[in-house]
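Student:
Residue numbers (the working numbering), protein chains in the order written: chain A, 1 to 173; chain B, 174 to 347.
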């Protein structure tokens, strides 16, 4: 009799667990498939936590090679090849003149850009590239009333030395 | 400035070079001739990718708690896809002195060929009113130039019970 009670108790416990799991699973499914817009947090709280480093834009393909810059996944020649293949030409239709390619820390790259953020820790290795134009400024997102008629004289770009992704690019008068 | 833009395959600031792309970006037009810098944040897909699954919570606010004037700005993004958090990034615009005095709501379309932009709704419009975030209570001033895109207040903001900053809609179906 006691064994029967024990079996019944175990079965009851098992049934409760199963019902609980089913209820939890269906709630979770509803939560995932809900079309209700998520709660929008106070902007001042959003800078806490999360991944602070977006991957950047896919640009130079990283690869292992003895020719790579120390600590980097590509070489100066890879930068030149990328610019020749995928870079935007000058408004004269000629390839841009490369003024410099430097593998530096994010802090050094930021200093080269007058304090512009690279979006990586200060000691992170990046590749800073400076190009001579003239370059079209089409596509710049500036407030209405700002004229984009005059070409930019030069451009700089910063690539993640590990991934080859473009982190930030600038156009200058 | 932050938002969503399309880029030709070889256009600078593309988030996926070699492909026509639709990207999320943020940019700062720096003071004292410091130039224009743009950061690729997220690749949404190619041209024509549907943005319907996404809710984008993109914010810029001062880093030091001083909301009237500062030179460091936190740029944060929460991207929701189908109701779930898909990406979250926090960046900074540094050495960039500004004193914000207005909010501008709307969209812009620039292109060298024909383009369209589906309806975009701007809701829960807020600004920092000294010690807290306040909902927009007036329709403001129309500063649009040479539409499209067209825009209108689908729900007017008001200084009234239940106001949540109105809903401004833009579209370009020309």
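Think of the CB as a built atom: it goes at the ideal place given N, C-alpha and C, for glycine as much as any other residue.
For clarity, every value in this text was computed on a predicted model and none was experimentally measured.
Quick check: the Cα distance between residue 101/A and residue 128/A, rounded to an integer number of angstroms?
Tutor: 6 Å
Student: Taking 7 Å as the CB-CB limit, is residue 333/B close to chain A?
Tutor: no
Student: Excluding the 5 residues preceding and the 5 following residue 232/B in the sequence, name in chain order all residues of the same chain whose CB lies nearer than 6 Å to its CB.
Tutor: 249
Student: Taking 7 Å as the threshold (C-beta atoms), are residue 211/B and residue 198/B in contact?
Tutor: yes
Student: Which of the three DSSP states, helix, strand or coil, is assigned to residue 79/A?
Tutor: helix
Student: Are the Cβ atoms of residue 230/B and residue 263/B separated by less than 7 Å?
Tutor: no
Student: Quick check: the segment 90 to 98 of chain A against the segment 126 to 140 of chain A, are at least 3 beta-carbon pairs closer than 8 Å?
Tutor: yes
Student: For the segment 52 to 71 of chain A against the segment 175 to 191 of chain B, do three or more pairs of beta-carbon atoms, one drawn from each stretch, fall closer than 8 Å, so that the two count as touching?
Tutor: yes
Student: If you count every other CB in all the chains shown that lies within 10 Å of the CB of residue 158/A, and 16 or more means buried, which is it?
Tutor: Label assigned to residue 158/A: buried.
Student: Measuring alpha carbon to alpha carbon, tell me which residue in 309/B, 321/B and 245/B is nearest residue 291/B.
Tutor: 321/B
Student: According to the neighbour-count rule (16 or more other Cβ atoms, all chains shown, within 10 Å of its Cβ), is residue 302/B buried or exposed?
Tutor: By the neighbour-count rule (16 or more Cβ atoms within 10 Å), residue 302/B is not buried but exposed.
Student: For residue 174/A and residue 183/B, which I take to be in contact (beta-carbon distance under 8 Å), what is that distance rounded to the nearest angstrom?
Tutor: As displayed, chain A neither begins before 1 nor continues past 173, which places residue 174/A out of reach and without an answer.
Student: Does the beta-carbon of residue 96/A have 16 or more other beta-carbons within 10 angstroms, so that it is buried, or is it exposed?
Tutor: buried
Student: If we ignore side chains and look at the alpha-carbon of each, how far apart do residue 309/B and residue 278/B end up?
Tutor: 11 Å
Student: In chain order, what residues of the segment 212 to 243 of chain B put their CB closer than 7 Å to some CB of chain A?
Tutor: 212, 213, 214, 215, 228, 230, 232 and 234
Student: In the DSSP assignment, the alpha helix (DSSP H) including residue 213/B goes from what residue to what residue?
Tutor: No alpha helix (DSSP H) holds residue 213/B; the beta strand (DSSP E) holding it covers 208 to 219.
Student: Pick from 161/A, 172/A, 148/A and 63/A: whose alpha carbon is nearest that of residue 155/A?
Tutor: 172/A
Student: Using alpha carbons as the reference points, say which of 81/A, 152/A and 130/A lies closest to residue 103/A.
Tutor: 130/A
Student: Of all the residues that make up the segment 83 to 95 of chain A, which are near chain B by a beta-carbon distance shorter than 9 Å?
Tutor: Look at the segment 83 to 95 of chain A: the residues with a C-beta under 9 Å from a C-beta of chain B are 85, 86, 87, 88 and 89.
Student: Can you find the residues in the same chain that come closer than 7 Å, C-beta to C-beta, to residue 280/B, ignoring five residues on each side of it along the sequence?
Tutor: 290, 293, 322 and 343
Student: Of all Cβ atoms in chain B, is any one closer than 7 Å to the Cβ of residue 63/A?
Tutor: no
Student: Taking the alpha helix (DSSP H) that residue 294/B belongs to, which residues open and close that run?
Tutor: Where residue 294/B is concerned, there is no enclosing alpha helix (DSSP H), although the beta strand (DSSP E) it sits in stretches over 290 to 296.
Student: Leaving out five residues on either side along the sequence, give the residues of the same chain with a beta carbon under 6 Å from the beta carbon of residue 112/A.
Tutor: 128
Student: Please return the same chain residues whose Cβ sits closer than 8 Å to the Cβ of residue 245/B, not counting the five positions on each side in sequence.
Tutor: 235, 236, 237, 265, 266, 267, 268 and 269
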